[in-house]
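Structure, as structure tokens:
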Amino acid sequence: MIRNIITLLFLIFALNSFGQKESHTKVLLLMGSRFDITAVSPDQGKALNAIEAGISEIKRIEKLISSWDPNSQTSEIIRNAGIKPVAVDQELFNLIRRSIKISNLTQGAFDISYASLDKIWHFDGEMTELPDSTTVAASVSKINYKNIILDPEKRTVFLKDKGMKIGFGAIGKGYAANKALDIMSKMGLTGALVNASGDLISWGKDEGGKDWKIGIVNPKEKDKIFSWLNINETAVVTSGNYEKFVTINGQTYSHIIDPRTGYPVRGLCSVSIICPNAELADALATSVFVLGKDKGLELINQINGIECLLITDKQELFTSENLHLDYIKKPITNHKYQIKIGDKHAQ
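Letter 147 of the sequence shown, counting from 1, is numbered 147 in the numbering used here, and no numbers are missing.
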């Protein structure tokens, strides 16, 4: 599921201390989304080299997992659905195996075989009527992570039913952010941050030598920060229903679809997951959105090291048991160091 997220603000607070390090950021379009890649170092050349290394890694991963590239291993798996197993690289095999584990954990709320729904729901303005229930049911019949058959010895992937598809829209950007940051962190920087349209992960310190500061906003008032988080080697990923949707007969339908029913989910406006791993946070943000407030919080409260913040359609805010936000008595508006996260296109 394509998720466009604008519920966080990345704040860089300038410091006046001596020896302050410089941050360098490059913004570009990768994997169909905006990426903001930041490196912190007093050495500009070193910072820019690290950014380019991160970009190269993201492009490599896109080539591996893209279902739009006919030459990718993912496309080869899809072409052979119901026909034969396909041998793949260990990296892709492991990503699919981890995805299936998350599907088991979420009881199917997360499912990379959801991709058969892509041609039914359109949120680009061209959709004027709901798909008929027969078409939706036919597509849902192709969705079942249990029908993704893995052979570890032969390192093959087999989609059991003809017409099955897989896609990494709900986990791929988080994985790419992880991998890019891992490479950058080994290139002599003092800090780095990768923001893949809201799939954000940090390492080290910001240009002032402090933890990165992430502002949380209400998606209905995106220019007002009501709380913030200090993060270090932590991912913050947000999924929201307010950026891509379609209105038919006066009813609004979100682009976030329950793979178990084939229909858009309701009840939540925004889900933010905080944990050390952007890949896992990416998958869980969508999962909690599909599960809803009660089941979603129940799931997160059972997993060590993962926290969650929810905003409902009624603008109610809920957090997991161990998440402590630093609330601002008067919301900050138009802070000069704000950088919006989740813009759909690179500038």
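Where a beta carbon is used, it is the ideal one built from N, C-alpha and C, also for glycine.
Considering only N94, G172, K173, the residue with the shortest C-alpha distance to K154 is N94. Of T286, L28, S116, the smallest CA-CA separation from M164 is found for S116. Annotation note: the segment 268–304 contains the following uninterrupted alpha helix (DSSP H) runs of length 4 or greater, listed N- to C-terminal: 278–291, 293–301.
Sixteen is the threshold: since fewer than 16 other Cβ atoms of the shown chains lie within 10 Å of the Cβ of Q315, the residue is exposed. Assigned with DSSP and collapsed to three states, I256 falls in coil, not helix or strand.
Of the other Cβ atoms in all chains shown, 16 or more fall within 10 Å of the Cβ of P264; this residue is therefore buried.
The Cβ atoms of W203 and S185 lie closer than 7 Å to each other. In the three-state DSSP reduction, Q90 falls in the helix class (H, G or I). Burial check for A87: the Cβ neighbour count within 10 Å stays below 16, so the residue is exposed.
Looking from the CA of I149, the closest CA among G167, L159, V140, I143 belongs to L159. Our two residues, L92 and R98, have alpha carbons roughly 10 Å apart in a direct line. If you draw a 10 Å sphere on the C-beta of H255, you find 16 or more other C-beta atoms in it, and that means buried. For L159, the pairing in a beta bridge is given by DSSP as I148.
Taking T319 as the centre and dropping the five residues before and after it, the same chain places the C-beta of L309 closer than 6 Å to its C-beta, in chain order. Only residues of its own chain outside the window of five on either side were considered, and among them V86, V157 have a CB closer than 6 Å to the CB of I77, listed in chain order. Taking all protein chains in view, the Cβ of R79 is surrounded by fewer than 16 other Cβ atoms within 10 Å, so the residue is classified as exposed. The alpha-carbon separation between T135 and I120 amounts to approximately 8 Å. When DSSP states are grouped into helix, strand and coil, L200 belongs to the strand group.
Counting only residues of its own chain and dropping the five nearest sequence neighbours on each side, Y114 has a CB closer than 6 Å to the CB of I143, P259.
Taking C-alpha positions only, H24 is separated from Q44 by approximately 8 Å.
Judged by their CB atoms, K179 and I61 are nearer to each other than the 7 Å cut-off. Here K59 has L30 as same chain residues with Cβ atoms under 8 Å from its own Cβ, once five neighbours each way along the sequence are excluded.
The Cβ atoms of R34 and S197 sit closer than 7 Å to each other. Here P131 has I120 as same chain residues with Cβ atoms under 6 Å from its own Cβ, once five neighbours each way along the sequence are excluded. A235 has I201, C275 as its beta-bridge partners, per DSSP. A285 sits close to V271, with the two beta carbons spaced by under 7 Å. The Cβ atoms of I112 and I65 lie no closer than 7 Å to each other. With respect to the 7 Å criterion, C269 and D313 are classified as neighbours on the basis of their beta carbons.
For E22, same chain residues with a beta-carbon under 8 Å away, outside a window of 5 residues either side, are V40, S41, P42, Q44, A47, E207 in chain order. Cα atoms of A109 and K101: separation of roughly 12 Å, rounded to the nearest angstrom. Per DSSP, K179 is one residue of the alpha helix (DSSP H) stretching across 172–184. By alpha-carbon distance to G250, the top candidate from E129, T106, S133, A81 is E129. Note: Q251 is bridge-paired with I248 in the DSSP secondary-structure output. In the DSSP assignment, no residue is bridged to E129.
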